[in-house]
Amino acid sequence: MLSVLGAGGVIGALGALAGTFDGPVPHVVNLVFSAGWSWACLAFLIGYTRPSKTESAWLASTALAVGVVVYYLLKSLSPAAPIGMTSDGMSSEGMSSGILIWGMCAFVFGAPMGLFGNLARIPGIGGLSFRLLVPLIAFVETSARLKAEADAAGHFVEVTWSTIRVIAVLTAVALVAHTVWQWARSARRSEGRA
């Protein structure tokens, strides 16, 4: 349980701290760990690793809530932030409302993602739709960000989101291919026994 909550703290810290460093690698880390799909992926993976559906939902939402708190606390402690402001220009009161709003979102969306992660353990086609959920979320979010942010944010952001989109598609194709391969192998074994 502590490692799961620690993972929530790590994703919050990566999202908040990577933006304070210059260079392409910290910029990519900031883009990735400040995006919703990576947080959804964390909740999904937590659910995937837990044996109980209830535990999957509860731990996923709690880990995301811990991540939100860590994210906003580290943003507020950034040395580049003026007194009373966070590094993204929010006042301390805005930080509290950010923790409250995104913390509630963590509980509302984290629980189903944890449950879906647990259901993704169903072998074969039964769990495939759940396994395809994170690549789908990543593709949809990065496509929307490409439309909204690419012109304003520049070529580097466009390359990052495009790369994540390609990886999401390749992951989905690999998941479908693996499921089909397992199904075909299982069918051959059944025929061999018959």
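Each residue of the sequence shown is one higher than the one before, counting from 1 in our numbering.
For each residue, glycine too, the CB sits at the ideal point set by N, CA and C.
Note that the structure is predicted; figures quoted are calculated from it, not measured.
MET1 sits in coil when the DSSP states are folded into three classes, being neither helix nor strand.
If you draw a 10 Å sphere on the C-beta of THR160, you find 16 or more other C-beta atoms in it, and that means buried. Look at PHE21 here: in three-state DSSP terms it is coil, with no helix or strand label. In this structure, DSSP gives PRO51 a state outside helix and strand, which the three-state scheme calls coil. Cβ neighbours of GLY114 within its own chain (closer than 8 Å, five residues either side excluded): ALA43, PHE44, ILE46, GLY47, ARG50, SER56, ALA57, TRP58, LEU59, ALA60, SER61. When DSSP assignments are scanned along the stretch 103 to 180, the uninterrupted stretches of alpha helix (DSSP H) that are 4 or more residues long and fall wholly within it turn out to be 125 to 131, 133 to 153. For the pair TRP39 and VAL134, the CB atoms are not nearer than the 8 Å cut-off. Taking a contact to require three or more Cβ pairs closer than 8 Å, the stretch 97 to 108 and the stretch 20 to 27 do not qualify as touching.
Assignment of SER34 by DSSP, reduced to helix, strand and coil, places it in the coil class.
Rounded to whole angstroms, the gap between the alpha carbons of VAL66 and LEU5 is 7 Å.
Annotated three-state conformation of LEU74 is helix, per DSSP. Here the C-alpha atom of LEU175 lies approximately 18 Å from the C-alpha atom of ALA187. For TRP102, the closest C-alpha among the options HIS155, ALA172, TYR71 is that of TYR71.
Comparing alpha-carbon positions, the option among SER96, LYS53, ALA7, LEU77 lying closest to PHE116 turns out to be LYS53. Between LEU74 and ALA13 the beta-carbon gap is near 6 Å, inside 8 Å, which marks them as a contact. At the C-beta level, ALA120 and GLY110 stay beyond 8 Å of one another. Taking a C-beta distance under 8 Å as the contact criterion, VAL169 and PHE139 qualify as a contact pair. For CYS41, the CB contacts under 7 Å within the same chain, skipping 5 residues up- and downstream, are VAL134 in chain order. Taking the Cβ atoms as the reference, TRP181 lies roughly 11 Å from GLY124, outside the contact range of under 8 Å.
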